[in-house]
Structure formats: C-alpha cells, structure tokens
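Participant: Numbering (the working numbering), first residue to last: 118 to 336.
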C-alpha cells in the first residue's frame, strides 16, 4: 500500500533562486485513505524574516533563533519521507525549496521525490465549479476539517492532505468503471494533472493499460 508525503514550506521569499530560504517545513503521510503520521519543525538558516512575512506566517526572527539547524531538520525530513512520492498545493513553489534545501543539507536524492503531484493542477481538472483553486477556498468548498492557522506549515500540509484524500476518493468514484480495483496512487495523480480537463477518462484508461502491461512484465 503506497504512502504519499504531503509537504508544505514556509519561507522568507518566493523562490530559492531569489534568495528565499525555508523557515518551517511540515510533512503529512497519507496511506490507505488515512492520515497516518506527521512531522513539523521550524528551521534556522541564518536568513532574515521580513516584517510582511512575519505578519503573514507568525514566524519571527526570534522564534528562528532557537530553532534547530536547517541541515538537521532536512536530514530528519529525508528519513521521514524516504521512499514516499510527494504532493503539495502549488507544487512548483514547494518543489523548488525542497530541492534547494535538501541539496544545501547534503541529503542524497531520493528517486521517490523526483516528481511532485500538485493539488492545484488536479483541482483545476476535477473541480470546475469551485470558485478558485486556493487552498482555503477548496477546503471550504469541500467542507474539509479546519487544520488551524493558515500559512503555517503543519496546518497547510494537513489541509492539503485532507484535500488529497478527497481527490483520491472522487477520482476512484468518478472513474470506477475504468479503474476497477486499482487504487488512486501517485502515478495516476501525476498523469491526471497533465491531462486536459476534457480528456481525463482517456488518461485514466491509458494509465490502467500501462499498469496492466507493467504487471505482466514483472511475472
């Protein structure tokens, strides 16, 4: 049974390429339709938190002064998520920081972490009647549990994990005829997020066909 890690970063800026650094990270593990574990930590990178970021997240320079080093946090996180494919809301943002911070921490690349599934891209294809694809809007739209303060890593990762579970349920229900007994795993999420919204059924059929070929190849 596949375990997926849903991650969320809080940062000092929009991009590691522009000098942004992570201030907090959370990862929530999802398996078999359930949230099974979670990890959260502030991290000290030596970066300064601008006032508007402190106001948005509630994370201050004083809080980070006593936080564990980014290197130790990322090494712990690499172990916590080892072998788990990754999901994030607006994954391009989190993927950039994940790769940059893991490299700075000297963590060996994990093949499972190469591809991210993005709940924004999936929502654009699955929920055409949603007002927008912001995390808070989608949480309200689906009546998801309130996970606490927005713009804190664990609260946002928890909300995204609940959204992922809803998406897996909705995909399984919508394409039950095509999927049969196949679970909605990371590979299918990755495929659907790249498909045109009018071609989701065909994309699922292609995925099922490939899974069948791969199963035959392993026997």
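Glycine included, each C-beta is placed from N, C-alpha and C at the ideal position. As the structure is a prediction and not an experimental result, all values here were calculated from the model.
What are the complete beta strand (DSSP E) segments, minimum 3 residues, inside the stretch 215 to 293?
Facilitator: You should have 233 to 235.
Participant: Considering only their Cβ atoms, is the gap separating residue 234 from residue 270 smaller than 8 Å?
Facilitator: No, Cβ-Cβ distance for residue 270 and residue 234 is not below 8 Å.
Participant: So, helix, strand or coil for residue 186, using DSSP?
Facilitator: Three-state DSSP puts residue 186 in a strand.
Participant: Would you report the Cα separation of residue 313 and residue 320, rounded to the nearest angstrom?
Facilitator: If I take the Cα positions, the gap works out to 9 Å.
Participant: How far does the beta strand (DSSP E) with residue 148 in it extend, from its first residue to its last?
Facilitator: Unbroken beta strand (DSSP E) run through residue 148: 139 to 148.
Participant: Going by alpha carbons, who is nearest to residue 147 out of 122, 199, 175?
Facilitator: The shortest Cα separation from residue 147 among 122, 199, 175 belongs to 122.
Participant: One question on the structure: do residue 157 and residue 139 come within less than 8 Å of each other, judged by their Cβ atoms?
Facilitator: Contact: no.
Participant: State the Cα-Cα distance for the pair residue 289 and residue 277, rounded to the nearest angstrom.
Facilitator: Roughly 18 Å between the two C-alpha positions.
Participant: With DSSP collapsed to three states, give me the class of residue 127.
Facilitator: Note: residue 127 maps to strand in three-state DSSP.
Participant: Residue 154 to residue 176, Cα distance in whole Å?
Facilitator: Near 23 Å, if we compare the C-alpha coordinates of residue 176 and residue 154.
Participant: So, for residue 308: in the same chain, excluding its five sequence neighbours on each side, which residues have a beta-carbon less than 7 Å away from its beta-carbon?
Facilitator: Cβ neighbours of residue 308 beyond the five flanking positions: 320, 324.
Participant: Under 8 Å Cβ to Cβ from residue 241, same chain only, skipping five residues before and after it: list those, please.
Facilitator: Same-chain partners within the cutoff: 250, 314.
Participant: Going by the CB atoms, is the gap between residue 205 and residue 125 shorter than 8 Å?
Facilitator: Result yes, Cβ atoms of residue 125 and residue 205 sit closer than 8 Å.
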